[in-house]
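Numbered by the working numbering, the letters in the sequence shown go through residues 10 to 357 in order.
Heads up, the beta-carbon is just placed ideally off N, CA and C, and yes, glycines get one too.
In this text, all values refer to a predicted model and were calculated from it rather than measured experimentally.
What follows is a single structure, written as structure tokens, with notes after it.
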Amino acid sequence: MKAGVLYAKDDIRYADWPDFTPGPDMIKVKMRVCGICGSDLPRVLGDAAHFYPVILGHEFSGEVVEVGEGVETIKPGDRVAGAPLMPCLKCDDCQQGNYALCRNYGFVGSRQPGAFAEYVEIPARNAIVFDDNVTFEQGALFEPSTVAIHGLLQADFRGGCDVAILGGGNIGILAMQWANILGAKSVTVFDIDEDRLALAGRLGADHMINTKEADYLAQAMELTAGHGYDFVFETAGQPATIKIGYELTAGKGTLCCIGTPSRPVEFSPELWEKMNRREFKVTGSWMSYSAPFPGREWTMTAHYFGTGELRLEDSMVFKRMPLSQIAEAFDMFRTPGLVKGKILLTND
Numbered sequence: 010m011k012a013g014v015l016y017a018k019d020d021i022r023y024a025d026w027p028d029f030t031p032g033p034d035m036i037k038v039k040m041r042v043c044g045i046c047g048s049d050l051p052r053v054l055g056d057a058a059h060f061y062p063v064i065l066g067h068e069f070s071g072e073v074v075e076v077g078e079g080v081e082t083i084k085p086g087d088r089v090a091g092a093p094l095m096p097c098l099k100c101d102d103c104q105q106g107n108y109a110l111c112r113n114y115g116f117v118g119s120r121q122p123g124a125f126a127e128y129v130e131i132p133a134r135n136a137i138v139f140d141d142n143v144t145f146e147q148g149a150l151f152e153p154s155t156v157a158i159h160g161l162l163q164a165d166f167r168g169g170c171d172v173a174i175l176g177g178g179n180i181g182i183l184a185m186q187w188a189n190i191l192g193a194k195s196v197t198v199f200d201i202d203e204d205r206l207a208l209a210g211r212l213g214a215d216h217m218i219n220t221k222e223a224d225y226l227a228q229a230m231e232l233t234a235g236h237g238y239d240f241v242f243e244t245a246g247q248p249a250t251i252k253i254g255y256e257l258t259a260g261k262g263t264l265c266c267i268g269t270p271s272r273p274v275e276f277s278p279e280l281w282e283k284m285n286r287r288e289f290k291v292t293g294s295w296m297s298y299s300a301p302f303p304g305r306e307w308t309m310t311a312h313y314f315g316t317g318e319l320r321l322e323d324s325m326v327f328k329r330m331p332l333s334q335i336a337e338a339f340d341m342f343r344t345p346g347l348v349k350g351k352i353l354l355t356n357d
């Protein structure tokens, strides 16, 4: 079969790779759509790959073409999205349902061969079947959608509250949609890009604020009558947005950090003290799993894409490219600011 194989840093090629027959409890999926995730970039353009050669790709959907011995819940022809985490299911964290904390895990697209390939092998329990009215492109957005809803669940989100979303990328846009689905009183999206803010408005944000504007904080306080936001979800992983989260979170509120920073975050004593004085909670959110595995994050995503309440607007996709052009796709990320949205690799 053909795959986008990473042979070394900065050396990804569309090449031959051994075909396979699925093992016991495993299934073989024909990849139809796979998104390039931000976490793929340091593995291809940097030194973050665990080993070489490797097939990356973990945001994917496709059709089941073959099932291994013992598989009874999935059949050939099923349309599925793949949950990439492969927890051991035996350690204390797994036994408590905290699969993302497993230290003995595998992961499709980094530690195991991924979906930048014509076919990918995954455990049957990692397949989420979706209806015919859900597109394969939407299926490839299941993984980022579950990352977003996991953040809301981790924050013990409740409806009827004012919500702030920091960052209008795909995770932020999906978190905004989830907040609306779960009954937010209002949702405000913060970003520095007017196109992202316009997209947020089209998909249901009540308010959009550009944090380049000098009075952005005053705008936010005016919208909440000086109270601040009961729930703040940081999705950009930038030091500036993390610190903005401390400014925006209301007394007794919750700040949930979904984004992962790659640079140090420094706080002034005055900013840190806001957490003390307001007694708000700060929590992290990692991946997208809960018990029973892979979790309600995945079943909720399949359901709400099916009902149309979760939406994938065309402008969320920067470019669609055949898998054979995977090297050209990653080349686009070398130009700062060029890629605005998701690049989807297709295998028709």
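Cβ pair residue 124, residue 69 closer than 8 Å | yes
Measure the Cβ-Cβ separation of residue 321 and residue 147 and say whether it is below 8 Å.
-> yes
CB of residue 127 within 8 Å of CB of residue 24, strictly | no
Would you call the stretch 24-33 and the stretch 70-79 touching, i.e. three or more CB-CB distances under 8 Å?
-> yes
Which of the three DSSP states, helix, strand or coil, is assigned to residue 78?
-> coil
What number of angstroms, rounded off, separates the C-alpha of residue 73 from the C-alpha of residue 142?
-> 17 Å
Reduced DSSP secondary structure (H/G/I, E/B, other) of residue 297 = coil
Can you tell me the Cα-Cα spacing of residue 220 and residue 246, whole angstroms?
-> 15 Å
How long is the line joining the alpha carbons of residue 269 and residue 150, rounded to whole angstroms?
-> 19 Å
Would you say the beta carbon of residue 194 comes nearer than 7 Å to a heavy atom of the ligand GTP?
-> Among the components of this structure there are no ligands whatsoever, and the ligand GTP is therefore not found.
How about the stretch 261-278 and the stretch 92-105: do they share at least three Cβ pairs that are nearer than 8 Å?
-> no
Please confirm if the stretch 196-204 is in contact with the stretch 167-176, defined as three or more CB-CB distances below 8 Å between the two stretches.
-> yes
Of the choices 130, 94, 260 and 263, whose alpha-carbon is the least far from that of residue 114?
-> 94
Those runs of the beta strand (DSSP E) which lie wholly inside the stretch 265-319 and span at least 3 residues = 290-293
Are residue 310 and residue 292 closer than 8 Å when you measure CB to CB?
-> no
DSSP state of residue 243, grouped into three classes?
-> strand
Measuring CB to CB, does residue 161 end up less than 8 Å from residue 185?
-> no
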